[in-house]
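Numbering (my numbering), first residue to last: 6 to 709.
The beta-carbon is built from N, C-alpha and C at its ideal position, and this holds for glycine as well.
Taking it in order: structure first as structure tokens, then the write-up.
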Ligand code: HDE
């Protein structure tokens with residue numbers, strides 16, 4: 006792996022050598038360190054235009070952060086199509102296999118502010134801006150296939166409830182608090198997205214190892230004007246992987262930029278993250294064939310019912326040059342579509358179509374946000390819109406209206422055959438109502454399918470997450486409402502959470518829930534639609550559904566002191582690096598360590614400065630002197646301890662096994678991911694497992 010491009014870090018790329026510093030008005034600057042004063046010890050003079058310009062610019066350096074998805078990371082890349090999808094769509098990005106469409110992707114957490122930590126339990130935003138030759142197409146999705154609410158009208162309520170409580174502004178970037186659970190427990194439509202958030206999907210190992218979903222049902226429209234319903238999926242080539250909650254908590258302190266750094270470093274080292282794009286296509290005539298409504302964004306279409314067809318691949322191959330200019334100023338919008346793609350009446354999507362322009366106006370300050378380089382289409386923009394804040398384009402000529410004859414009639418309108426956009430002519434015919442369709446009313450079936458589809462260890466993590474989050478709530482009536490709702494999803498799940506909370510599952514819930522959900526205020530108890538068990542399980546809902554044993558970019562700590570066994574070290578390092586894993590030498594001290602052959606090796610991190618949670622696996626080579634040195638450092642034991650606790654792969658050779666076996670060896674004889682005096686091949690296989698979850702019952706007995 007290339008190291009941190011040290012030579013580039015030392016250069017100021019936008020001000021190459023030889024260039025003189027100027028003010029923003031182009032005047033050469035002679036002194037940028039001292040303000041203009043009346044004498045060396047005198048008052049500063051107001052006339053100092055250089056000082057005023059520098060400070061004024063600094064004072065205005067921030068723009069309002071995004072209200073949701075404030076914390077994010079972005080990267081450039083491209084999309085390649087495997088096979089033309091012309092039977093479904095006329096969008097050239099999905100029909101022309103010779104194209105390499107440039108794109109910019111941004112991943113984010115939702116609840117926390119810009120400076121919050123990466124590893125919060127949260128949904129992750131997964132937004133992709135395609136710069137197609139027909140204009141910008143934004144796929145603004147999340148890493149979970151459903152959303153919390155069914156109607157845009159409820160979005161401010163949802164977000165207000167999860168954000169820090171307004172009196173004390175506590176807690177930051179966390180859902181485990183009263184107001185969120187007050188809202189969730191009164192709004193059963195949230196339960197499906199909520200159970201996904203309780204799963205390990207909400208604490209990904211890497212942004213590169215999570216799925217992406219467009220969530221809403223969109224339309225694809227072909228040349229003949231025929232429409233198909235479509236759901237978009239991104240499938241990560243590295244598989245779907247998560248960390249444990251204990252690691253997530255510790256990562257907050259060990260590296261609050263864990264995800265950002267991981268994405269950046271993978272791209273810098275040439276290990277480009279990749280996702281395949283999949284589509285689930287439903288013919289128009291099948292719209293009403295499902296046990297749920299395709300327009301309801303709290304429902305997914307199980308892959309068993311409509312398979313995901315893989316149609317292309319996204320590769321991220323370039324980090325941004327400037328975080329602010331690109332990642333901060335990028336303006337996504339689900340309404341940025343191209344001919345061949347269209348909307349449905351999903352009431353959440355319909356509301357989003359309004360919200361994103363509105364938010365860009367307040368965040369970026371002008372309707373000219375499309376002129377910021379990261380937001381500019383690659384094809385030419387030509388219309389009669391003019392002026393406004395920070396206009397970059399210098400439009401020429403007299404005419405800024407249509408129709409005109411003075412300007413030669415330009416710009417002309419495009420016929421449909423020339424790529425002019427026309428909306429799909431869906432028949433609309435209905436009463437003007439403020440209401441929700443009955444078909445949106447089933448809130449328990451899909452959370453149940455999700456839970457049943459998980460592996461045993463995934464289920465345990467869900468139970469723990471509910472218990473943790475509700476355990477943080479201070480009102481009993483909120484916890485009771487939640488238990489009652491969870492019981493409607495799955496009785497076994499509710500029983501275990503109730504046990505952990507030391508509470509009983511209530512048989513009924515009291516009146517407030519009726520009013521809050523808009524049910525008949527006079528009825529005593531809220532009667533929800535009973536869970537429908539139309540599908541027992543769906544394999545794709547478990548994290549394990551994308552099989553991969555790749556150890557590419559996995560971070561492996563080699564724990565050593567002076568005198569470590571050189572032969573074992575070299576053999577293991579070579580084998581791991583051949584598989585594109587990243588080996589980091591973690592030593593009892595910084596600087597250099599000396600191996601058994603007397604050679605010096607550069608230390609990547611002194612034990613003092615790192616935590617085990619930053620690594621995927623641990624190797625301890627032999628060498629008595631090295632092991633003795635490690636034995637002297639309590640942190641070395643903590644490191645091993647935690648690696649074990651988090652079910653990661655560990656290899657020990659020679660004298661290394663003494664250090665290890667002394668504490669744990671006996672209990673772990675048959676552990677598939679513990680390699681004592683085994684070949685590098687075995688260790689690679691163990692790392693490829695990601696975690697040995699079978700160890701978890703034992704791991705729970707290890708003190709944190
Ligand atoms: Fe967003 N959302 N959202 N959202 N959303 C924003 O737009 C909004 C929703 C999503 O990396 C904001 O530019 C409303 C669903 C992502 O810059 C804002 C509703 C999904 C991002 C906004 C939703 C998303 C945003 C804030 C309910 C998954 C980050 C800054 C109707 C399909 C994009 C901005 C980025 C950002 C509004 C619901 C995903 C306020 C009103 C559903 C990935 O406009």
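- A Cβ-Cβ separation of about 6 Å places residue 261 in contact with residue 123 under the 8 Å criterion.
- Taking the C-beta atoms as reference points, residue 284 is found no nearer than 9 Å to residue 485.
- Excluding residues up to 5 positions away in sequence, 588 lie with their Cβ nearer than 6 Å to the Cβ of residue 578 in the same chain.
- Between residue 148 and residue 127, the alpha-carbon positions lie close to 10 Å from each other.
- Closest in C-alpha terms to residue 71, from the list 381, 118, 211 and 466, comes 118.
- In this chain, the beta strand (DSSP E) harbouring residue 279 covers 279 to 288.
- If you draw a straight line from the Cα of residue 657 to the Cα of residue 326, it is about 41 Å long.
- Relative to ligand 1, the beta carbon of residue 184 is positioned no closer than 8 Å to any heavy atom.
- Within the chosen limit of 8 Å, ligand 1 reaches the beta carbon of residue 360 through at least one heavy atom.
- Residues of the same chain with a CB within less than 8 Å of the CB of residue 701, apart from the 5 flanking positions on each side, are 462, 465 and 652 in chain order.
- Closest in alpha carbon position to residue 359, among 635, 157, 48 and 664, is 157.
- In this structure the segment 549 to 568 lies against the segment 618 to 636, because at least three pairs of beta carbons, one per stretch, are closer than 8 Å.
- Cα atoms of residue 152 and residue 211: separation of roughly 21 Å, rounded to the nearest angstrom.
- Within 10 angstroms of the beta-carbon of residue 139 lie 16 or more other beta-carbons, which makes it buried.
- Within the chosen limit of 8 Å, ligand 1 reaches the beta carbon of residue 364 through at least one heavy atom.
- In the structure shown, the three-state DSSP call for residue 443 is helix.
- Boundaries of the beta strand (DSSP E) harbouring residue 239: 232 to 241, taken from the DSSP string.
- A straight line joining the alpha-carbon of residue 154 with that of residue 324 spans about 34 Å.
- Here residue 256 has 124, 263 and 618 as same chain residues with Cβ atoms under 6 Å from its own Cβ, once five neighbours each way along the sequence are excluded.
- Cα atoms of residue 75 and residue 131: separation of roughly 13 Å, rounded to the nearest angstrom.
- Straight-line spacing of the CA atoms in residue 28 and residue 98 works out to 44 Å.
- Residue 165: not part of any beta strand (DSSP E); member of the alpha helix (DSSP H) spanning 160 to 167, first to last residue.
- Pairing residue 688 with residue 458, the inter-Cα distance amounts to about 30 Å.
- By the Cβ-count criterion, residue 87 is exposed, with fewer than 16 other Cβ atoms from all chains shown falling within 10 Å of its own Cβ.
- With a cutoff of 9 Å on beta-carbon distance, residue 654 and residue 692 are scored as near each other.
- Here residue 202 carries a helix assignment [DSSP, helix/strand/coil].
- Each of 586, 184 and 372 was checked against the Cα of residue 561, and the nearest Cα belongs to 586.
- The C-beta distance from residue 44 to residue 335 rounds to 49 Å, too long to fall under 8 Å, and the pair is not in contact.
- Per DSSP, residue 693 is one residue of the alpha helix (DSSP H) stretching across 685 to 693.
- Counting other Cβ atoms within 10 Å of its Cβ, residue 494 reaches 16 or more and is therefore classed as buried.
- Not a single heavy atom of ligand 1 lies less than 8 Å from the C-beta of residue 340.
- By the neighbour-count criterion, in which a residue is buried when 16 or more other Cβ atoms sit within 10 angstroms of its Cβ, residue 632 is buried.
- The beta carbon of residue 107 sits closer than 6 Å to the beta carbons of 83 and 136 from its chain, once the five residues preceding and following it are set aside; these are given in chain order.
- Setting aside the 5 residues that flank it on each side, residue 546 is surrounded in the same chain by 455 and 458, each with a C-beta closer than 6 Å to its C-beta; the list follows chain order.
- Setting aside the 5 residues that flank it on each side, residue 506 is surrounded in the same chain by 472, 475, 476, 484 and 488, each with a C-beta closer than 8 Å to its C-beta; the list follows chain order.
- Taking 8 Å as the cut-off, the C-beta of residue 473 does not count as close to any heavy atom of ligand 1.
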